[in-house]
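Input: a single structure, listed below in structure tokens.
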Amino acid sequence: MKLNFCVDFLWCVQCLYGGAPKVPKLRDIERGADIIIETPGQLNDFLEVKRVGLGQVSYLVPYEADRMLNMGFEPQICRIVNEIPSRR
1 MKLNFCVDFL
11 WCVQCLYGGA
21 PKVPKLRDIE
31 RGADIIIETP
41 GQLNDFLEVK
51 RVGLGQVSYL
61 VPYEADRMLN
71 MGFEPQICRI
81 VNEIPSRR
């Protein structure tokens with residue numbers, strides 16, 4: 001899913017969320033993304049199969065992180081954070 005409101009900024013935005021086919025999302029992500037809006041579970045799925053890397057991440061903004069932690073997503077969030085190089 002591409003978000004057209006970033007076209008003026010020449011940003012490529014991709015969304016990763018559960019409940020939708022993975023193949024089209026993987027294809028879009030593999031083309032590159034400046035901004036990824038994701039759910040922790042979906043991103044972890046892609047990290048596990050080594051189809052997404054977070055080596056170039058500059059910023060991580062965990063939307064509603066408190067709610068995700070309360071819902072038991074701490075292991076998934078920690079995995080995502082640990083994938084980002086410490087120099088970032």
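First residue of the sequence shown? That's 1 in UniProt numbering, and the numbers climb one at a time after it. Note that CB positions come from ideal geometry on N, CA and C, so glycine has one too.
Grouping DSSP H, G and I as helix and E and B as strand, with all else coil, what is residue i?
{"i": "Leu54", "result": "coil"}
{"i": "Leu10", "result": "coil"}
{"i": "Leu60", "result": "coil"}
Mind checking which residues open and close the alpha helix (DSSP H) that includes residue i?
{"i": "Glu74", "result": "74-83"}
{"i": "Glu30", "result": "22-30"}
{"i": "Gly41", "result": "40-48"}
{"i": "Asp66", "result": "65-70"}
Which residue wins for smallest C-alpha separation from residue i, given the options the options?
{"i": "Leu26", "options": "Gly72, Leu10, Gly53", "result": "Gly53"}
{"i": "Gly19", "options": "Asn82, Asp66, Glu83, Thr39", "result": "Thr39"}
{"i": "Leu43", "options": "Pro75, Arg87, Phe9, Ser86", "result": "Pro75"}
{"i": "Gly32", "options": "Ile80, Gln56, Glu83, Asn82", "result": "Gln56"}
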